[in-house]
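Asks: Mind looking over this structure? Questions follow.
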Amino acid sequence: MAIGSMKNIHQTALRLIQQDDWEAAHHLVQDYSDPLSCQIHGYLHRIEGDLANARYWYQRAGMIMPENNIVQEINRLLGKLTEDEG
39 MAIGSMKNIH QTALRLIQQD DWEAAHHLVQ DYSDPLSCQI HGYLHRIEGD
89 LANARYWYQR AGMIMPENNI VQEINRLLGK LTEDEG
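Heads up: the sequence shown is residues 39 to 124, going by the working numbering.
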């Protein structure tokens with residue numbers, strides 16, 4: 039998939055999360071294995087309280103699950119979109 043297309047998927051998933059439509063965001067990212075999709079997927083499991091599954095998805099992104107709170111994490115993920123533009 040093209041980079042621009044993935045960015046649109048990431049943006050849409052994060053927007054859905056902000057609108058409390060976690061199920062739609064999950065369906066959107068669950069089939070992708072790029073690092074940001076995996077981080078978003080992990081974040082969704084953090085929101086659900088499924089920390090074991092969240093850790094798994096962050097690990098798939100090549101990182102450990104952050105120790106920040108969920109508000110800080112959504113802001114970090116939104117910042118990743120900006121980083122990718124630079």
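Backbone N, C-alpha and C fix where the C-beta goes; we use that ideal spot for every residue, glycine too.
Treat the numbers as computed from the prediction; the structure is a model and nothing was measured.
(1) Helix, strand or coil: which one does DSSP assign to Glu61?
(2) With a 10 Å radius around its C-beta and 16 neighbouring C-beta atoms as the bar for buried, classify Ile47 as buried or exposed.
(3) Can you tell me whether Arg84 is buried or exposed, with buried defined as 16 or more other CB within 10 angstroms of its CB?
(4) What are the boundary residues of the alpha helix (DSSP H) that includes Pro73?
(5) Can you grab the Cα-Cα spacing for the pair Arg98 / Asp59, in whole Å?
(6) How many angstroms separate the CA atom of Arg114 from the CA atom of Tyr96?
(7) With a Cβ-Cβ cutoff of 9 angstroms, do Ile108 and Gln56 count as a contact?
Replies: Reading it off the structure:
(1) helix
(2) buried
(3) buried
(4) 73-86
(5) Note on geometry: alpha-carbon atoms of Arg98 and Asp59 lie some 23 angstroms from one another.
(6) Whole-angstrom Cα-Cα distance: 13 angstroms.
(7) The answer is no: Cβ separation not under 9 angstroms.
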